[in-house]
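Since the structure comes first, as structure tokens, the remarks are kept for the end.
Residue numbers (the working numbering): 7 to 190.
Laid out in structure tokens, this is it:
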């Protein structure tokens, strides 16, 4: 499938090829270099399997960047940021900390303590970012916080809770006393 502007490659225009080759020589991360190498190797006619063997990378990565090259969008290789998008930012974390430290009633809720589910729902309303209950609990743990009640440790016990050691009453003592004389 030859397209206009192609001189010798399978997918890339001369402009795209030169741009990727030039960028490959700059100081960029290894992940970005891999993207460029995948597209350049695909343009040379290498198969997905060959590229995987040459670069020792994931098949899904090779497939994706081969499709980018084939669709004519190789020059936009930087528009896809590396890794999973970071949904939670510092403002979100600060607000989570504030909410976890106050009563839900201060926010108009009827319950007495937050759950991860309710924190997630409330923060989704405020920030438009949906985060799972488990991730909320993970974030709270990282901050040294929790939605669980802390056990109240009381040093003064009531009369009933105290352990007492007393002498047995005399009549009970006599009933329980052992015969110290041995009969043979």
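Where is the CB? At the ideal position from N, CA and C, for every residue including glycine.
Please read these numbers as outputs of a predicted model, since none were measured by experiment.
In terms of Cβ geometry, residue 17 and residue 76 form a close pair [threshold 8 Å]. One Cα belongs to residue 31, the other to residue 143, and the distance between them is close to 44 Å. Contact between residue 73 and residue 145 is absent: CB atoms are separated by about 35 Å, not below the 8 Å threshold. In the three-state reduction of the DSSP assignment, residue 119 falls in the coil class. Under the criterion of beta carbons closer than 8 Å, residue 47 and residue 83 do not qualify as touching, at roughly 14 Å.
Per the coordinates, the alpha-carbon of residue 49 lies some 40 Å from the alpha-carbon of residue 137. The C-alpha of residue 112 lies about 9 Å from the C-alpha of residue 105.
Across the set 95, 81, 132, 171, the C-alpha of 81 shows the shortest separation from the C-alpha of residue 28. Straight-line measurement puts the Cα of residue 169 at about 21 Å from the Cα of residue 176. Residue environment: residue 34 is assigned as exposed (fewer than 16 neighbouring CB atoms within 10 Å of its CB, all protein chains considered).
The DSSP-derived three-state label of residue 79 is coil. For residue 100, the enclosing alpha helix (DSSP H) stretches over residues 96-106.
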